[in-house]
Amino acid sequence: GENVEQHPSTLSVQEGDSAVIKCTYSDSASNYFPWYKQELGKGPQLIIDIRSNVGEKKDQRIAVTLNKTAKHFSLHITETQPEDSAVYFCAAGGNDMRFGAGTRLTVKP
Amino acid sequence: EAGVAQSPRYKIIEKRQSVAFWCNPISGHATLYWYQQILGQGPKLLIQFQNNGVVDDSQLPKDRFSAERLKGVDSTLKIQPAKLEDSAVYLCASSLEPPTQKYFGPGTRLTVL
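Top line first, the protein sequences correspond to chains F and P. Following the working numbering, the numbering of the first sequence begins with 1 at its first residue and continues without gaps. Following the working numbering, the numbering of the second sequence begins with 110 at its first residue and continues without gaps.
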């Protein structure tokens with residue numbers, strides 16, 4: 001089955017800086033790569049996703065890149081704000097989806 | 110659009126007791142998932158339903174966990190008997206069909222003493 005590794009486990013940035021979170025996956029058949037944001041006491045919420053036929057996708061301050069050959073994908077957040085502070089999860093798969101262990105992002109004002 | 114509803118939000122039980130969680134997915138979503146999220150980890154899939162049929166329950170500890178989705182709408186997840194290591198947040202999610210956007214409920218935080 002799919003195995004997803006996520007780095008770093010914690011990330012602290014200054015407000016206005018960029019944040020990058022990276023994930024690798026093992027199953028070359030995986031074709032869907034979502035990113036979720038989880039705030040304290042809430043369920044994960046989808047913030048952006050990408051499919052295997054696309055190399056990059058952007059939505060305002062958030063972008064995701066996918067390298068299928070290397071089996072890795074990354075989340076980029078630009079101009080970070082304190083409200084971006086949360087735990088971020090990557091996931092990979094198709095019908096069978098696996099999550100990374102999460103990255104706790106702290107944005108310091 | 111109403112989101113995924115779960116109840117209860119919190120539950121504290123002693124080991125060897127039984128517990129049940131309830132989930133109401135978004136209307137029209139055929140696929141329903143139960144995840145277990147242990148503190149500091151990502152969600153782990155326990156079971157996936159497509160309508161009222163089980164698609165994947167390979168990671169469900171079937172000696173103590175059971176789940177059903179009668180009539181293809183609401184679902185219940187039961188643990189009997191509970192162990193200390195079952196302490197976690199149990200998340201329900203739904204989607205129109207895999208692999209598309211999953212909508213997660215707020216989760217039920219279970220503490221087993």
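We put the CB at the ideal spot given by N, CA and C, even for glycine. Being a predicted model, the structure only gives us computed values, none of them experimental.
Item checked: Contained beta strand (DSSP E) runs [length at least 3] in the stretch 9 to 43 of chain F, N- to C-terminal order -> Counting only unbroken stretches of 3 or more residues, the beta strand (DSSP E) elements lying wholly within the stretch 9 to 43 of chain F are 10 to 14, 19 to 25 and 32 to 38, in sequence order.
Checklist line | chain F residues whose Cβ lies nearer than 9 Å to that of residue 213 (chain P) | finding: Against the second sequence, residue 213 (chain P) aligns to sequence position 104. At a beta-carbon threshold of 9 Å, the residues of chain F lying near residue 213 (chain P) are 36, 38, 42, 43, 44, 45 and 46, ordered along the chain.
Item checked: Contiguous beta strand (DSSP E) assignments of at least 3 residues, all confined to the stretch 114 to 150 of chain P -> For the stretch 114 to 150 of chain P, whole beta strand (DSSP E) runs of length 3 or above, ordered along the chain, are 114 to 116, 119 to 122, 128 to 133 and 140 to 146.
Check: Taking the alpha carbon of residue 164 (chain P) as the point to measure from, which residue in F:71, F:8, F:57 and F:97 has its own alpha carbon closest?
Finding: Residue mapping note: residue 164 (chain P) aligns to position 55 of the second sequence, counting from 1. Proximity to residue 164 (chain P) across F:71, F:8, F:57 and F:97 peaks at F:97, based on C-alpha coordinates.
Notebook entry, point to check: How about residue 185 (chain P) and residue 199 (chain P): are their beta carbons less than 8 Å apart?
Noted result: On the second sequence, residue 185 (chain P) is found 76 positions in, with the first residue counted as 1. On the second sequence, residue 199 (chain P) is found 90 positions in, with the first residue counted as 1. With contacts defined as CB atoms closer than 8 Å, residue 185 (chain P) and residue 199 (chain P) fail to qualify as a contacting pair.
Next item on the list: Report the residues of the stretch 70 to 91 of chain F with a CB closer than 7 Å to any CB of chain P, ordered along the chain.
Entry: Under the 7 Å Cβ criterion, the stretch 70 to 91 of chain F contributes 89.
Note to self: Given a cut-off of 8 Å on the beta-carbon distance, is the pair residue 126 (chain P) and residue 214 (chain P) in contact?
What the structure shows: Along the second sequence, one-based indexing puts residue 126 (chain P) at 17. Along the second sequence, one-based indexing puts residue 214 (chain P) at 105. Cβ atoms of residue 126 (chain P) and residue 214 (chain P): not closer than 8 Å.
Checklist line | Beta carbon of residue 55 (chain F) nearer than 8 Å to that of residue 66 (chain F) | finding: Sequence index remark: in the first sequence, residue 55 (chain F) carries index 55 (1-based). Sequence index remark: in the first sequence, residue 66 (chain F) carries index 66 (1-based). With respect to the 8 Å criterion, residue 55 (chain F) and residue 66 (chain F) are classified as neighbours on the basis of their beta carbons.
Next item on the list: List the residues that DSSP assigns as beta-bridge partners of residue 194 (chain P).
Entry: For the purposes of this step, residue 194 (chain P) is identified with residue 85 of the second sequence, where counting begins at 1. Looking at the DSSP assignment, residue 194 (chain P) forms no beta bridge with any residue, so it has no partner.
Next item on the list: Report all residues from its chain with a CB closer than 6 Å to the CB of residue 131 (chain P); omit the five preceding and five following residues, and keep chain order.
Entry: One-based indexing of the second sequence puts residue 131 (chain P) at position 22. Within the same chain, residue 131 (chain P) has close Cβ partners 116 and 185.
Next item on the list: Determine, using beta carbons only, whether residue 101 (chain F) comes closer than 8 Å to chain P.
Entry: Here the question's residue 101 (chain F) lines up with position 101 in the first sequence. By this cut-off, residue 101 (chain F) is an interface position.
Check: If you run the structure through DSSP and keep just helix, strand and coil, what is residue 205 (chain P)?
Finding: The residue given as residue 205 (chain P) occupies position 96 in the second sequence. Residue 205 (chain P) falls in the coil class under three-state DSSP.
Notebook entry, point to check: Pick from F:17, F:68, F:6 and F:9: whose alpha carbon is nearest that of residue 52 (chain F)?
Noted result: By one-based count along the first sequence, residue 52 (chain F) stands at place 52. From the listed residues F:17, F:68, F:6 and F:9, the smallest Cα separation to residue 52 (chain F) is found for F:68.
Note to self: Against residue 152 (chain P), what residues of chain F qualify as contacts under a CB-to-CB distance less than 8 Å, listed in chain order?
What the structure shows: The count along the second sequence starts at 1 and reaches residue 152 (chain P) at position 43. Per Cβ cutoff of 8 Å: 44, 89 and 99.
Check: So with Cβ pairs under 8 Å, would you call residue 59 (chain F) a contact of chain P?
Finding: On the first sequence, residue 59 (chain F) is found 59 positions in, with the first residue counted as 1. Taking Cβ atoms only, chain P never reaches closer than 8 Å to residue 59 (chain F), which makes this a no.
Next item on the list: Could you name the residues of the same chain whose beta carbon sits closer than 7 Å to that of residue 195 (chain P), not counting the 5 residues immediately before and after it, in chain order?
Entry: Translated into positions along the second sequence, residue 195 (chain P) becomes position 86. Only 188, 219 and 221 meet the Cβ criterion.
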